[in-house]
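My numbering numbers the first residue of the sequence shown as 19 and each following residue consecutively. Comments concern the structure below.
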Amino acid sequence: MLDRMVTLSRAMDQAFVNGTPEALGQAPAQPSWVPELDAWETEGEYVVQLDLPGVKPENVDINFERNTLSVRGQRDRGFVAPEKGELRVFFAERDWGTFTRSLRFPQHVAGDDITATFDAGVLTVRIPKSEAAKPRKIQIQTPAEAKQVAG
19 MLDRMVTLSR AMDQAFVNGT PEALGQAPAQ PSWVPELDAW ETEGEYVVQL
69 DLPGVKPENV DINFERNTLS VRGQRDRGFV APEKGELRVF FAERDWGTFT
119 RSLRFPQHVA GDDITATFDA GVLTVRIPKS EAAKPRKIQI QTPAEAKQVA
169 G
């Protein structure tokens, strides 16, 4: 009973996340999964971190186009059938296959200066803000100061 509930819960999650065929009980054309991410903003940049355990950095493709960051990649299945004999999987719960995540940013980003690092299964992408987007302090002038600047 518990296995059925877990299976149903996963199917519902998949249906809400990306409406994949496996969510509808159909065999997928290619297995897929959705990595978890965090994204935040500082004064000078946006930072996005994705959990990609078991993914090789060379299997990840990062693009930035029209203010949209797209991360695509693939995690291989953790087990492979031996050359001789037969592999019998008795429990397989980890996701594998392809993934895609996309985030749209405001127009004021420095797209040419984006950096990405991969450490301990976590991909970190840093998207600097353009100078126009950075906060700046505006000085308030008194009428006397305004006359000096104008005159």
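Just so it is clear, CB atoms sit at the ideal spot from N, CA and C, and this is done for glycine as well.
Counting the other CB atoms within 10 Å of its CB gives K147 a total of 16 or more, which places it among the buried residues.
Cα atoms of L87 and E54: separation of roughly 15 Å, rounded to the nearest angstrom. Counting the other Cβ atoms within 10 Å of the Cβ of G96 gives fewer than 16, which makes it exposed. The three-state reading of DSSP puts Q166 in helix, counting H, G and I together. Here the alpha carbon of V52 sits roughly 13 Å from the alpha carbon of V73.
Residue environment for E104: exposed (fewer than 16 other C-beta atoms within 10 angstroms of its C-beta).
Approximately 10 Å separates the beta-carbon atoms of L121 and L68; this is outside 8 Å, ruling out the contact. Sixteen is the threshold: since fewer than 16 other Cβ atoms of the shown chains lie within 10 Å of the Cβ of E111, the residue is exposed. Within the same chain, Cβ atoms closer than 7 Å to the Cβ of D56 are found at Q67, the five residues on either side in sequence being excluded. When the beta-carbon positions are compared, V78 and G91 come within less than 8 Å of each other. Going by beta carbons, R144 and T133 fall inside the 8 Å limit. Our two residues, I158 and H126, have alpha carbons roughly 26 Å apart in a direct line.
Scanning its chain for C-beta atoms nearer than 8 Å, with the 5 sequence neighbours on each side dropped, one finds around E63 the residues R144, I145, P146, K147, in chain order. W114 and P124 have their C-alpha atoms some 32 Å from each other. Comparing alpha-carbon positions, the option among E101, D94, I156 lying closest to P75 turns out to be D94.
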